[in-house]
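A.B. asks: Numbering (the working numbering), first residue to last: 844 to 1126.
1. Just reading off the beta strand (DSSP E) that residue 926 is part of, what are its end residues?
2. With a cut-off of 8 Å on the beta carbons, I'd call residue 1014 and residue 971 a contact; round off their distance for me.
3. Consult DSSP for residue 877 and reduce its assignment to one of helix, strand or coil.
4. Tell me which residue opens and which closes the beta strand (DSSP E) that residue 902 is part of.
5. Start and end of the beta strand (DSSP E) containing residue 1031?
6. In the structure shown, what three-state DSSP assignment does residue 1066 receive?
7. In terms of residue numbering, what span does the beta strand (DSSP E) encompassing residue 1046 cover?
8. Can you list, in chain order, the residues of its chain with a C-beta nearer than 6 Å to that of residue 940? Leave out the 5 residues immediately preceding and following it.
9. So who's on the other strand from residue 1022, going by DSSP bridges?
10. Going by C-alpha distance, which of 964, 1074, 1083 and 1027 is nearest residue 995?
11. So who's on the other strand from residue 973, going by DSSP bridges?
12. With three or more beta-carbon pairs closer than 8 Å as the criterion, would you say the region 1052-1059 touches the region 1085-1092?
13. I want to know whether the region 1008-1022 touches the region 1072-1079 - three or more CB-CB distances under 8 Å.
14. Check this for me: beta carbons of residue 991 and residue 894, under 8 Å apart or not?
15. Helix, strand or coil for residue 1057 per DSSP?
16. Could you tell me whether the Cβ atoms of residue 982 and residue 927 are closer together than 8 Å?
17. Could you tell me which of 1063, 979, 1036 and 1045 sits nearest to residue 953, measuring between CA atoms?
18. Considering Cα atoms alone, identify which of 904, 1002 and 1053 is closest to residue 1023.
19. For the beta strand (DSSP E) that residue 1080 lies in, which residues bound it at each end?
20. Out of 1046, 1047, 1019 and 1048, which one is the CA nearest neighbour of residue 1036?
21. So what's residue 1076 in DSSP terms, helix, strand or just coil?
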């Protein structure tokens, strides 16, 4: 049998099947969609939102300190690590009295792993402040949040005051003075440009929760400025000592001992007086 004779019945059968499918589907040929590519993940798959705050936990009064906010996760972050939504942070502060405490800015966004930045101005009150950052991760209608906190202690600082004078002959460009406490590095002070023969007062504030009793010494040096700037009297080095008293002695035990001795003596006295006044027994 010729090939044409074989193909003709097959073509007729195919036409009949196609007509049947069209008739049973209302005239529309239904096709099943191909499955998604293996490994493809929808953007913004939810996950736990995490974050942290970095910055000093002990700060001086009437100063300001910078804090950095980091956050990730939630619907805004795809499993690949790509940010596909919004990460927003909100800052608040709590304490005994926050009427003079300033936090600015109080909100911002996180993008491309760049941290948010906020500043805390604590005012003059000695207290413990709690800085709370709420991080919100959103993508279309999905959102997740988390709160992170940092306790900040506001303390009265130890202050080093430095009087500087530029030389008569030339000014000096901005520079930093390194500050040592008992020979250990504790910080630095930025000094702006100084014109020839100009004076400048620089302050360094050392904030700490505790310091050992005894004598301590701040030191600073202008040797790197090669005589273009000096401390009073033309000195290149400055050394300032201060004394931290120890805790006051506790007399509690002596108070207790004295009270016990007093009532003991009083009891003996009363007992003897009562014995003298007691009438002798009759025989």
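For glycine and all other residues, C-beta sits at the position ideal for the given N, C-alpha and C.
Predicted model, so just to flag it, every value in this text is computed and none were measured.
C.D. replies: Per the coordinate set shown:
1. For residue 926, no beta strand (DSSP E) encloses it, and the DSSP letter there is neither H nor E.
2. With 8 Å as the limit, residue 1014 and residue 971 do not qualify as a contact, their Cβ atoms being about 44 Å apart.
3. Any answer about residue 877 is weak, because its pLDDT of 36 lies below 50 and its placement is not dependable; what the coordinates show is given next. DSSP places residue 877 in coil when its eight states are reduced to three.
4. From DSSP, the beta strand (DSSP E) with residue 902 extends over 901-903.
5. Per DSSP, residue 1031 belongs to the beta strand (DSSP E) from 1027-1034.
6. In this structure, DSSP gives residue 1066 a helical state, which the three-state scheme calls helix.
7. Counting along the chain, the beta strand (DSSP E) containing residue 1046 begins and ends at 1042-1049.
8. Taken in chain order, the residues that qualify are 968.
9. BP columns for residue 1022 point to 1030 and 1063.
10. Selection 964, 1074, 1083 and 1027 evaluated against residue 995 yields 964 as nearest (Cα-Cα).
11. Answer is 937 and 994, bridged to residue 973.
12. Proximity of the region 1052-1059 to the region 1085-1092 meets the contact definition, three or more beta-carbon pairs being nearer than 8 Å.
13. Touching, yes.
14. If you check the CB distance, residue 991 and residue 894 come in under 8 Å.
15. Here residue 1057 sits in strand by DSSP.
16. Taking 8 Å as the Cβ cut-off, residue 982 and residue 927 qualify as a contacting pair.
17. It is 979.
18. Ranking 904, 1002 and 1053 by Cα distance to residue 1023 puts 1002 first.
19. In the DSSP annotation of this structure, the continuous segment of the beta strand (DSSP E) that includes residue 1080 starts and ends at 1080-1087.
20. If you compare the alpha carbons of 1046, 1047, 1019 and 1048 with that of residue 1036, the shortest gap goes to 1019.
21. Helix at residue 1076.
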